[in-house]
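Colleague: For the sequence shown, our numbering begins at 266 and goes up steadily by one.
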Amino acid sequence: MHQTVTIETEYITLGQLLQEAGVIDSGGMAKLFLADFEVFVNDEPEQRRGRKLYHEDEIDIEEVGKITISSNRS
266 MHQTVTIETE YITLGQLLQE AGVIDSGGMA KLFLADFEVF VNDEPEQRRG RKLYHEDEID
326 IEEVGKITIS SNRS
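#1: For L279 and L318, which I take to be in contact (beta-carbon distance under 8 Å), what is that distance rounded to the nearest angstrom?
#2: What three-state label does DSSP hand F298 in the structure shown?
#3: Distance, Cα to Cα, R314 vs F298?
#4: Excluding sequence positions up to five away, which residues of its chain have a Cβ less than 6 Å from the Cβ of V304?
#5: Between E309, V329, K296, which lies nearest to V407 when the distance is taken from Cα to Cα?
#6: Go through its chain and collect everything with a Cβ distance to D322's Cβ below 7 Å, but skip five positions before and after it.
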């Protein structure tokens, strides 16, 4: 699965992204999710739920798929 998440702000945190993309139900689940699943941001392993994600960042989540960040800020 590949999905694109469009943000209205400069960045979104990894925890917020997981919730926005429907991967987790609440922000409180982010830490547990990141402990249980391999997550890569731009091909680098990442476990920090506060990691800032910007326009065109690519997130690859084990058993979920790829998510690309898109920004409609001018």
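Virtual Cβ for every residue (Gly too), placed ideally from N, Cα, C.
Modeller: With the structure as the only source:
#1: The pair is a contact, with the Cβ atoms about 6 Å apart (cut-off 8 Å).
#2: Here F298 carries a helix assignment [DSSP, helix/strand/coil].
#3: Distance from the CA atom of R314 to the CA atom of F298, rounded to whole angstroms, is 9 Å.
#4: For V304, where only same-chain residues beyond five positions count, the Cβ hits under 6 Å are E311, I326.
#5: As displayed, the chain neither begins before 266 nor continues past 339, which places residue 407 out of reach and without an answer.
#6: Non-local beta-carbon contacts of D322 in its own chain, meaning distances under 7 Å to residues more than five positions away in sequence, involve V306, N307, I334 in chain order.
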